[in-house]
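Structure first, commentary second.
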Amino acid sequence: MCHPQENDVCIRNKYVGINATDINITKGRYASVGTKLPFGVGLEGLGEIVEVGSGVKDLKVGQYVAYMNSRVNSYAEYVCVSADEVYPIPEPKPEYLVLLVSGASASIGLDKCARIAAEEKVLVTAAAGGAGHIAVQWAKAAGCYVIGTCSSEEKGKVLKELGCDRVINYKKEDLAEVLNKEFQSGVDIIWETIGGKVFETCVKNLATKGRLIIVGGISSYKSEDSFLPKLDLSFLPELFVQKALPTPQCYVIPNRLNVPYTSCKFVALSGLSKSWKRALQGQSSGLIGIPSMFGWVLQEAFILAKNREWSSEVRSLVEGAVESSLPYPESRSATLFP
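Okay, so the sequence shown: first residue is 1 according to UniProt numbering, each after it adds one.
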């Protein structure tokens, strides 16, 4: 068992998340994260505080918390985390593991950065992923027409259940052709996580006065022919010049959009290898939840899929969980989710 430093807390994990960022780290896709062995894995989790550092005043032993762990070592029974990265929760339910990052990402990306409004057309790429499936629900709750892309019929069915109006399985349909044919006036808001040619297609199909929210660029990592090298901000304005007034080029901080959520059932930490294999094969949609050694199994997929009740308690949790790298306008969350 680890012991906290002055401004840390020690948490006994109940749930941890396996997500795309963990896989990207192990593949060396993030230059800022070293891959010299040995190195830790695991960016997030939730559990019970068992010890607090001498400088921690607002947290106490026995309190349930969710956390995002910049030390990247959450795959453990006990983990020490900076108190600044810890968020109190009422009870250790796996929903909070999803809302901590994905809910906040949707709130900031769509509500604050894109200034989403009813009856707009919203495109979500990788819509069955952790951040994507929350973005779909957020846009639907705001009264929008939602287009979602995915890679399989199974994921397409999930998106339909979430309320997605038009599902595009890019293994069977060409995204550019569908957008050109069915949405000739363009798309008002695009939530983009893929990069490369998908990003290029999104730019070309953005409506006048549209907003493109760049959440990631997974296809461009370690790619020599990336259309958008390293998400370089320097030449974005000229890409968007014909889409003004002006396009908010909003970037949610990298490495925090990483809460996929899936229906896999795995027993304790012994299931990690199966979970990783599933994620690497692209079979997961949403979060792969793995309980810690003495926790229990996360059994239900998409617990939030039919949950339209966004309580003030949950909003309070997610609003402060993720920061934007650029200033954003005042939130209208209270009007969207009273």
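C-beta: ideal position from N, C-alpha, C; glycine also.
Under 8 angstroms between C-beta atoms of residue i and residue j
| i | j | result |
| --- | --- | --- |
| S190 | I168 | A quick correction: the sequence has Ile, not Ser, at residue 190. It is not a contact, given that the beta carbons lie outside the stated cut-off. |
| I11 | I49 | yes |
| L46 | I89 | yes |
| G17 | E44 | yes |
| K108 | A142 | The amino acid occupying residue 108 in the given sequence is Ile; Lys does not appear at that position. No, Cβ-Cβ distance for I108 and A142 is not below 8 angstroms. |
| Y15 | P94 | yes |
| N73 | E85 | no |
| K121 | F183 | yes |
| A128 | V158 | yes |
| A106 | A135 | yes |
| V81 | V9 | yes |
| G216 | G195 | yes |
| G42 | E6 | no |
| G156 | D188 | no |
| K140 | G103 | no |
Option in the options with minimal Cα separation from residue i
| i | options | result |
| --- | --- | --- |
| G53 | L43, P4 and G28 | P4 |
| A126 | G148, V65 and T201 | G148 |
| E177 | K204, G196 and S152 | K204 |
| Y96 | C202, A66 and G163 | A66 |
| C150 | E173, L179 and A139 | E173 |
| R71 | A139, C144, A131 and I25 | I25 |
| G186 | A114, T208 and P92 | T208 |
| A76 | N13, K57 and L179 | N13 |
| L100 | L37, E192 and Y87 | Y87 |
Exposure of residue i, with buried meaning 16 or more beta-carbon neighbours within 10 Å
| i | result |
| --- | --- |
| Q137 | buried |
| M1 | exposed |
| L245 | Because the pLDDT at L245 is just 36, under 50, the model does not fix this residue reliably, and the value given afterwards should be weighed accordingly. When all chains shown are included, L245 counts as exposed. |
| V146 | buried |
| A118 | exposed |
| K112 | buried |
| G28 | exposed |
| N19 | buried |
| L179 | buried |
Secondary structure of residue i, DSSP reduced to three states
| i | result |
| --- | --- |
| K140 | helix |
| L37 | coil |
| G47 | strand |
| N24 | helix |
| I108 | helix |
| V314 | Its pLDDT being 39, under 50, V314 is placed unreliably in this model, and the coordinates cannot settle the point. |
| I116 | coil |
| I129 | The sequence shown places Gly at residue 129, not Ile. Three-state result, G129: coil. |
| G42 | coil |
Any chain C beta carbon closer than 8 angstroms to residue i
| i | result |
| --- | --- |
| G103 | Protein chains in the displayed structure number just one, and chain C is not present. |
Check: Hey, which unbroken runs of the alpha helix (DSSP H) at 4 residues or more fall wholly within the region 153-226?
Finding: 153-161, 175-182 and 196-204
Item checked: 3-residue-minimum beta strand (DSSP E) runs that sit fully inside the region 50-96, ordered along the chain -> 64-68, 78-82 and 86-88
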